[in-house]
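**Student:** Note that full-length UniProt numbering numbers the sequence shown so that position 103 is 103, with each residue one more than the last. Quick reminder that beta carbons are idealized off the backbone N, C-alpha and C, glycines included.
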Amino acid sequence: MSAMPVHALNAVPSPRPLPAFRGRIGCDARSGHYAVPRRYRLHLSLSCPGALRIAVVHSLLGLADICPVTLLPAVPDGPDGEHSALRPLYEASAHRYPGAAVAPVLSDDWSGRIVSTHAPDIMRDLARRFGGGRPALYPEGAEAEIEGVARLVEQGMDGAAQRAGRADADDSERRAALGSLLRTLRTLDARLAGQEYLLGGELTAADVELWVALVRLDTVHRWHLDASAVHRVADHPHLWAYARRLTAHPAFGPHLDLDGIALRHHAHCQGLEAAGAAVQILDWASHVPDQGVSADGQVSHGLD
1 MSAMPVHALN
11 AVPSPRPLPA
21 FRGRIGCDAR
31 SGHYAVPRRY
41 RLHLSLSCPG
51 ALRIAVVHSL
61 LGLADICPVT
71 LLPAVPDGPD
81 GEHSALRPLY
91 EASAHRYPGA
101 AVAPVLSDDW
111 SGRIVSTHAP
121 DIMRDLARRF
131 GGGRPALYPE
141 GAEAEIEGVA
151 RLVEQGMDGA
161 AQRAGRADAD
171 DSERRAALGS
181 LLRTLRTLDA
191 RLAGQEYLLG
201 GELTAADVEL
211 WVALVRLDTV
221 HRWHLDASAV
231 HRVADHPHLW
241 AYARRLTAHP
251 AFGPHLDLDG
261 IALRHHAHCQ
271 GLEAAGAAVQ
281 ILDWASHVPD
291 QGVSADGQVS
301 HGLD
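(1) Count the other CB atoms, across all protein chains shown, that sit within 10 Å of the CB of Y40; report buried if there are 16 or more and exposed otherwise.
(2) What's the gap between the Cα of S294 and the Cα of L178?
(3) Kindly give me the distance between the Cβ atoms of F252 and V102, rounded to whole angstroms, as I take these residues to be in contact under 8 Å.
(4) Closest by CA to H33, which one among I114, G201, V220?
(5) Out of A267, R245, Y90, H255, state which residue places its alpha-carbon closest to the alpha-carbon of H287.
(6) Count the C-beta pairs between the segment 42-55 and the segment 64-78 that are closer than 8 Å, then say yes if the count reaches three, no if not.
(7) Enumerate in chain order the residues of its own chain whose CB-to-CB distance from A206 is below 6 Å, with the five nearest sequence positions on each side excluded.
(8) Identify the residues that DSSP records as bridge partners of V105: which are they?
(9) In whole angstroms, what is the alpha-carbon distance linking L239 and V215?
(10) Which same chain residues end up closer than 7 Å to L60 when comparing Cβ atoms and leaving out the 5 residues on each side of it in sequence?
(11) Taking Cβ positions, are R222 and L182 nearer each other than 8 Å?
(12) In its own chain, which residues sit with a C-beta less than 6 Å from the C-beta of V279, not counting the 5 before and 5 after it?
(13) Alpha carbons only, please: which of E82, V69, L63 is nearest the one belonging to F130?
(14) Can you tell me where the beta strand (DSSP E) with S116 in it begins and where it stops?
(15) Sort H266, F21, I261, P120 by Cα distance to Y97 and report the nearest one.
(16) Ordered along the chain, which non-local residues of its own chain (more than five positions away) have a Cβ less than 8 Å from that of D125?
(17) Secondary structure at M1, three-state DSSP: helix, strand or coil?
(18) List the whole-angstrom C-beta distance separating P289 from A248, where the pair is believed to meet the contact cut-off of C-beta under 8 Å.
(19) Which residue wins for smallest C-alpha separation from R186, given the options L217, E209, P237, Q155?
(20) From what residue to what residue does the alpha helix (DSSP H) around T184 run?
(21) Is A190 buried or exposed, if buried means 16 or more other CB atoms sit within 10 Å of its CB?
(22) Only counting the same chain, and skipping five residues up and downstream in sequence, which positions put a Cβ closer than 6 Å to that of I261?
(23) From A234 to D259, what distance separates their C-alpha atoms?
(24) Roughly how many angstroms lie between the CA atoms of A35 and R174, to the nearest whole one?
(25) By the three-class DSSP mapping on this structure, what secondary structure does G159 have?
(26) Using the rule of at least 16 other Cβ atoms within 10 Å of the residue's Cβ for burial, across every protein chain shown, is C67 buried or exposed?
(27) Write down the C-beta distance between G165 and H224 rounded to the nearest angstrom, noting that I regard them as a contact closer than 8 Å.
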């Protein structure tokens, strides 16, 4: 594997808030939280990027019968991203918990308490404790590179796109942020010009990280960029072809709640809409495989 050039980002602190709970699932009974089928439950809102990543990993590993999922509404019904349905679980886990009861959550049905709210840890524990090594989403020796990809997409894509679309930033700040975003996209596009997945011929957690970031770039951040910027973002053919391929994968596309993402964004975003809102990069829905519809008319997200 060739190394992803992420060294320049290593010293940049993550803008994500610290998780409220960060327990881990261990490999035996001595760990307290050990791997037992149907002991743990995921609480996910698919409009949330962290939850979307977890949902994809859950499906890639085929864990529907091992770790059940409770789906939450796309738009939180409380302040600061709170889902009121999660409040009893937070209160049971920390008496008079002062923060917002947010998703994603991995809970322990045996104790009725939260194990973790940290999406990267949840993804790793699902893969390592329940995945049986198939597929190898965190292959041996690739951990640092996967973490580097996560930093690259968080800071060089999500963070840069947010700064490039800020209405209260001056022109020089927006141009610098757009330049950072485009450099990141060029790096990734060049990587994908010669291989199917980010780390080579096999799909890994790095691809989950990047796909969700591309979804957000086109469905959220694009709304605050000008049209010329969106056209420049779209001018990375290998990257967007890769996004289309993954969207057609049954573990990826069926989890896309495009209406929910739009509702959540418009409910909480205070930024101004720019001309880029009219320049869609991908028709995501057209690439999603048939999801199926239940007897009550609800679209299946493949998590039941």
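**Tutor:** Quick look at the numbers:
(1) As a first step, residue 40 must be located in the sequence shown, where it is residue number 40. Y40 is classed as buried because its beta carbon has at least 16 other beta carbons within 10 Å across all chains shown.
(2) Residue numbering aside, residue 294 sits at position 294 when the sequence shown is read from its first letter. Residue numbering aside, residue 178 sits at position 178 when the sequence shown is read from its first letter. Since pLDDT at S294 reaches only 33, below the 50 mark, its modelled position is unreliable, and the value read off the structure follows with that caveat. Taking the straight line joining both Cα atoms gives about 43 Å.
(3) Residue numbering aside, residue 252 sits at position 252 when the sequence shown is read from its first letter. Residue numbering aside, residue 102 sits at position 102 when the sequence shown is read from its first letter. With 8 Å as the limit, F252 and V102 do not qualify as a contact, their Cβ atoms being about 24 Å apart.
(4) Locating residue 33 in the sequence shown gives position 33, counting from the first residue. That would be I114, whose Cα lies nearest to the Cα of H33.
(5) The count along the sequence shown starts at 1 and reaches residue 287 at position 287. Among A267, R245, Y90, H255, the Cα nearest to that of H287 is on R245.
(6) The segment 42-55, when compared against the segment 64-78, does touch it at the 8 Å Cβ threshold.
(7) Against the sequence shown, residue 206 aligns to sequence position 206. Scanning its chain for C-beta atoms nearer than 6 Å, with the 5 sequence neighbours on each side dropped, one finds around A206 the residues I146, V149, L198, L199, in chain order.
(8) For the purposes of this step, residue 105 is taken as the residue at position 105 of the sequence shown. BP columns for V105 point to H43.
(9) For this step, residue 239 is matched to residue 239 along the sequence shown. For this step, residue 215 is matched to residue 215 along the sequence shown. Each residue's alpha carbon lies about 12 Å from the other.
(10) Counting from 1 along the sequence shown, the entry for residue 60 is found at position 60. Here the set comprises P135, L137, A251.
(11) Numbered from 1 along the sequence shown, position 222 holds the residue referred to as residue 222. Numbered from 1 along the sequence shown, position 182 holds the residue referred to as residue 182. In this structure, R222 lies away from L182, with their beta-carbon atoms at least 8 Å apart.
(12) Here residue 279 refers to the residue found at position 279 of the sequence shown. Within the same chain, V279 has close Cβ partners A227, V230.
(13) For this step, residue 130 is matched to residue 130 along the sequence shown. Residue L63 is the option with its Cα nearest to F130.
(14) Here residue 116 corresponds to residue number 116 of the sequence shown, with the count starting at 1. 113-116 is the span of the beta strand (DSSP E), which, as asked, contains S116.
(15) On the sequence shown, residue 97 is found 97 positions in, with the first residue counted as 1. Of H266, F21, I261, P120, the residue nearest in Cα terms is F21.
(16) Residue mapping note: residue 125 aligns to position 125 of the sequence shown, counting from 1. Answer for D125: R24, I25, L106, S116, listed in chain order.
(17) Here the question's residue 1 lines up with position 1 in the sequence shown. Summary for M1: the model assigns pLDDT 42, below 50, so the residue's position carries little reliability; its value from the coordinates is reported in the next sentence. Three-state DSSP puts M1 in coil, outside helix and strand.
(18) By one-based count along the sequence shown, residue 289 stands at place 289. By one-based count along the sequence shown, residue 248 stands at place 248. A Cβ-Cβ separation of about 6 Å places P289 in contact with A248 under the 8 Å criterion.
(19) Taking the first residue of the sequence shown as position 1, residue 186 is located at position 186. R186 has its Cα closest to that of P237, out of L217, E209, P237, Q155.
(20) Working through the sequence shown from its first residue, we reach residue 184 at position 184. That run of the alpha helix (DSSP H) goes 171-193.
(21) Translated into positions along the sequence shown, residue 190 becomes position 190. Here A190 is exposed, its C-beta having fewer than 16 other C-beta atoms within 10 Å.
(22) In the sequence shown, counting from the first residue as 1, residue 261 sits at position 261. Once the five neighbours on either side are set aside, the close Cβ partners of I261 are S47, T219.
(23) For the purposes of this step, residue 234 is identified with residue 234 of the sequence shown, where counting begins at 1. For the purposes of this step, residue 259 is identified with residue 259 of the sequence shown, where counting begins at 1. As the crow flies, the alpha-carbon of A234 is around 22 Å from that of D259.
(24) Here residue 35 is taken as the residue at index 35 of the sequence shown, counted from 1. Here residue 174 is taken as the residue at index 174 of the sequence shown, counted from 1. The straight-line gap from Cα to Cα measures roughly 47 Å.
(25) Position 159 of the sequence shown holds residue 159. Reduced to three states, the DSSP call for G159 is helix.
(26) Reading the sequence shown from its first residue, position 67 is the one you call residue 67. Of the other Cβ atoms in all chains shown, 16 or more fall within 10 Å of the Cβ of C67; this residue is therefore buried.
(27) Position 165 of the sequence shown, counting from 1, holds the residue named residue 165. Position 224 of the sequence shown, counting from 1, holds the residue named residue 224. Yes, G165 and H224 are in contact; Cβ-Cβ is about 3 Å, under 8 Å.
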